[in-house]
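Chemist: Input: one structure, supplied below.
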Ligand code: NOJ
């Protein structure tokens, strides 16, 4: 849907209308070919690649498809030091094409020297790293950034990350993570943009644009990688790495759109995933990799496996041994092997024995070399490893200012009985809770090279914001974690120590207002951090009750990487603020909102359940044959909890209020070449200036396959002064109504539609139209 007066250009799947439709036939809307990655292909480069391929031995070709992690920063099961030694020898021999986790201008320069000064053909290495929400300057976790509904801000954050990472010798980030997640038990929900394919597509494209800029060869851009292809977020029961079994319908209509958006935005690479779908590990899936991505979408970059995922096909029970796994992955279109050592160990022999056609290897190498050429690595393999630039470009005041802006845009006000915003002149304020002075958790789990304990804590932010006369009291109250806290460590989150309670209660009693910072430790979410219980862990519930008994004026500041079941907290407190993990400038950004320097406008990118048993929970569900509510019990519901979420997708309050008129349609009917304008008048009916995210949803009432009860199709961010009203117009074309139909095509089906407009997915005004 295109917006008329907004800053956001809302394009859905970049679908071009094809054949004109007859009266009742579907309106064909083929998905466009990947426009962006076409830029990787140009005749001059292809010729250079031909020349290189002609000189390469089979072993050197396989080497280009081989990626190892450096020992410095391990983000997966680590092989022993012996393997490292071999790795360095192999780089010299031209048997390694890429390294991940080599960081810093110095280290990348040294590793590059091994390849370029020793190997026969001097082909440079490409260095990859998980730059997910910042490199040194850390931005909000992606789920938090998605709550800004601000693609421009998200693009800027990826741009800053690319500027810092590229100066430290990184050529390639393993981001954006574009997995749709409907289950908050899944620890990696924090890494994506939530539950919606449309919002997810906007965020995916914005991040790709931010990382890659306009030109991959520019010094401050890095190649993006859309991951995890595909459906990794649909792991059964939210358990990481678990089995996925979804239909082609869900795959095409829900899972793939953000990947398609990333491809269209020009993502140079894709990463496959650990999961299987319907019995086929994605790493071995020709359907996903060859048919859809490289075939239908015309993707010209390369696909890297996830860490060891080629080897894991053996444990999936899909490959008899590593050699077979290598054969299956290569045949299915996985181009580069991250840390499984399956290609380097077996691919040459497989080619020699005729089990793998060398043409497949050549094609994979061509794709890898294309990206290396596009990055300018053949012109100067050291161009990114620039110690002076690294120093100058990193953690600059401008980068930190961008991080603060992104952070405050990501905050979602969930409840406010009028206690917020706080007065900076307040006599005394108690900042309480295990996360109140935590300088580490706000960095999130995938914190790039962000230094431990380097975030501005809430306590620091509050102290910097209040008047000199304000007394700021602090009590930790309880701890969240015992034992080690890092990427690989199995930390313990169920602490029982209540010895900090008395001091917390005393501080609460002595203060005019309490800020209670509770939620999750950063390492409670992320890879391998799924949870069966998404409530407040440890003694946090008890702490909360003790504090609110001492002082009713409690503002709960949530820090967390997933929706939590916090209904009891929401009910008891006058104000509740969702702050996710906001990155380096966390405390300042939260204070900006709490004290009214910034009027919050964030909206939830994922539904908050009432109970964990409601999961998976998402607004764009199907109707079922018994949607209810009906008298009696024979309709689709729970007998112990409502079907509704605690907070719906798209929800978020402001310090002002917005009212919506009934939507007006420019026409009640459109045809294949037509378009329809939906206009709604939004009024700031409160006392403060504020920004609202105006959301547009549609429902296709009857389809050749059933359609969701609502689907986001557009949004616009508008700023209104108190009393000001503005008409917001969305344009709907048949292309926006297209989906993957029973005929296995992207097309819009004629019939009746509803359209909804509102400030969240629940509270909407509706109208109807027909597609002829
Ligand atoms: C495994 C993760 O699934 C993936 O997202 C990440 O990019 C790689 N490890 C490399 O760290």
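In the working numbering, the protein residues as written are 2 to 773.
All C-beta atoms, glycine included, are put in the ideal place defined by N, C-alpha and C.
#1: Could you tell me the alpha carbon to alpha carbon distance between residue 465 and residue 543, rounded to whole angstroms?
#2: According to the Cβ coordinates, are residue 304 and residue 64 closer than 9 Å?
#3: Restricting to Cα atoms, I'd like to know which of 499, 502 and 561 is closest to residue 526.
#4: Where are the alpha helix (DSSP H) runs, 4 residues long or more, that stay fully inside the segment 152–198, in chain order?
#5: Would you mind reading off the limits of the alpha helix (DSSP H) that contains residue 464?
#6: Nearer than 8 Å: is that true of the beta carbon of residue 528 relative to any heavy atom of the ligand NOJ?
#7: What are the boundary residues of the alpha helix (DSSP H) that residue 273 is part of?
#8: Look at the Cβ atom of residue 376, then the Cβ atom of residue 217, and state whether they are nearer than 9 Å.
#9: I need the DSSP call for residue 659, collapsed to helix, strand or coil.
#10: Are there three or more Cβ pairs, one per stretch, closer than 8 Å when the segment 163–175 is compared with the segment 387–403?
#11: Where do the ends of the alpha helix (DSSP H) carrying residue 119 lie?
#12: Around the Cβ of residue 633, are there at least 16 other Cβ atoms within 10 angstroms (buried) or fewer (exposed)?
#13: Check whether the Cβ of residue 716 lies closer than 8 Å to any heavy atom of the ligand NOJ, and answer yes or no.
#14: Classify residue 348 as helix, strand or coil using the three-state DSSP reduction.
#15: Keeping to the same chain, check which residues put their C-beta closer than 6 Å to that of residue 243; ignore five residues upstream and five downstream.
#16: Taking 8 Å as the cut-off, is the C-beta of residue 755 nearer than that to any heavy atom in the ligand NOJ?
#17: Suppose you measure from the CA of residue 254 to the CA of residue 368; what does that come to, to the nearest Å?
#18: Take the Cβ of residue 451 as the centre, count every other Cβ of all protein chains shown within 10 Å, and call the residue buried at 16 or more, exposed below.
#19: Following a CB-centred definition, is residue 307 positioned closer than 8 Å to any heavy atom of the ligand NOJ?
#20: With a CB to CB cut of under 6 Å and the five nearest residues on each side skipped, what residues in its chain are close to residue 522?
#21: Starting from residue 1, follow the beta strand (DSSP E) in both directions and report where the run begins and ends.
#22: Using 9 Å as the threshold, is the C-beta distance between residue 130 and residue 96 below it?
#23: Measure the Cβ-Cβ separation of residue 689 and residue 700 and say whether it is below 9 Å.
#24: Touch check for the segment 599–618 and the segment 188–198: three-plus C-beta pairs under 8 Å?
#25: Can residue 514 and residue 548 be called in contact, C-beta distance under 9 Å?
#26: Would you decide whether residue 702 is buried or exposed? Buried here means 16 or more other CB atoms lie within 10 Å of its CB.
#27: Which residue wins for smallest C-alpha separation from residue 557, given the options 341, 226 and 578?
#28: So does residue 101 have its beta carbon nearer than 8 Å to some heavy atom of the ligand NOJ?
#29: Less than 8 Å separating the Cβ of residue 275 from some heavy atom of the ligand NOJ?
#30: What separation, rounded to the nearest whole angstrom, lies between the Cα atoms of residue 586 and residue 573?
#31: Count the C-beta pairs between the segment 221–237 and the segment 635–653 that are closer than 8 Å, then say yes if the count reaches three, no if not.
#32: Looking at residue 87: is its Cβ nearer than 9 Å to the Cβ of residue 120?
#33: Evaluate residue 180 with the Cβ neighbour count: other Cβ atoms within 10 Å of its Cβ, from every protein chain shown; 16 or more gives buried, anything less gives exposed.
#34: Please state whether DSSP places residue 524 in a helix, a strand or coil.
#35: Using a threshold of 9 Å, state whether the C-beta atoms of residue 338 and residue 327 are closer than that.
#36: So, does the segment 720–737 touch the segment 272–279, judging by three or more C-beta pairs under 8 Å?
Modeler: Straight from the coordinates:
#1: The straight-line gap from Cα to Cα measures roughly 29 Å.
#2: At a Cβ-Cβ threshold of 9 Å, residue 304 and residue 64 do not count as neighbours.
#3: It is 561 whose Cα lies nearest to the Cα of residue 526.
#4: As far as the segment 152–198 is concerned, its whole alpha helix (DSSP H) runs of at least 4 residues are 152–168.
#5: First-last of the alpha helix (DSSP H) with residue 464: 459–466.
#6: The ligand NOJ has a heavy atom closer than 8 Å to the beta-carbon of residue 528.
#7: No alpha helix (DSSP H) holds residue 273; the beta strand (DSSP E) holding it covers 270–273.
#8: At a Cβ-Cβ threshold of 9 Å, residue 376 and residue 217 count as neighbours.
#9: For residue 659, the secondary structure class from DSSP, reduced to helix, strand or coil, is strand.
#10: The segment 163–175, when compared against the segment 387–403, does touch it at the 8 Å Cβ threshold.
#11: Counting along the chain, the alpha helix (DSSP H) containing residue 119 begins and ends at 106–119.
#12: Exposed.
#13: Incorrect: residue 716 has no Cβ contact closer than 8 Å to the ligand NOJ.
#14: Judged by DSSP in its simplified three-state form, residue 348 adopts helix.
#15: Around residue 243: 236 and 237.
#16: False, no ligand heavy atom lies under 8 Å from that Cβ.
#17: The alpha-carbon atoms of residue 254 and residue 368 are separated by roughly 28 Å.
#18: Under this definition residue 451 is a buried residue.
#19: With a threshold of 8 Å, the Cβ atom of residue 307 counts as near the ligand NOJ, since some heavy atom of the ligand is closer than that.
#20: Closer than 6 Å at Cβ, skipping near neighbours: 442, 481 and 482.
#21: Because the chain here runs from 2 to 773, residue 1 falls outside it and cannot be looked at.
#22: No; because the gap between Cβ atoms is not below 9 Å, this pair is not in contact.
#23: It is not a contact, given that the beta carbons lie outside the stated cut-off.
#24: The way I'd put it, the segment 599–618 does touch the segment 188–198; three or more beta-carbon pairs between them come closer than 8 Å.
#25: Not a contact, by the Cβ cut-off of 9 Å.
#26: Result: exposed.
#27: Checking every option, the nearest Cα to that of residue 557 belongs to 578.
#28: Checking the Cβ of residue 101 against the ligand NOJ gives yes.
#29: Because some heavy atom of the ligand NOJ lies under 8 Å away, the Cβ of residue 275 counts as near it: yes.
#30: Cα to Cα, the separation comes out at about 29 Å.
#31: With a cut-off of 8 Å on Cβ pairs, the segment 221–237 is not in contact with the segment 635–653, counting fewer than three such pairs.
#32: Result no, Cβ atoms of residue 87 and residue 120 do not sit closer than 9 Å.
#33: With a 10 Å radius around the Cβ and a threshold of 16 neighbouring Cβ atoms, residue 180 comes out buried.
#34: Helix, per DSSP.
#35: A contact, by the Cβ cut-off of 9 Å.
#36: Here the segment 720–737 does not lie against the segment 272–279, with fewer than 3 beta-carbon pairs under 8 Å apart.
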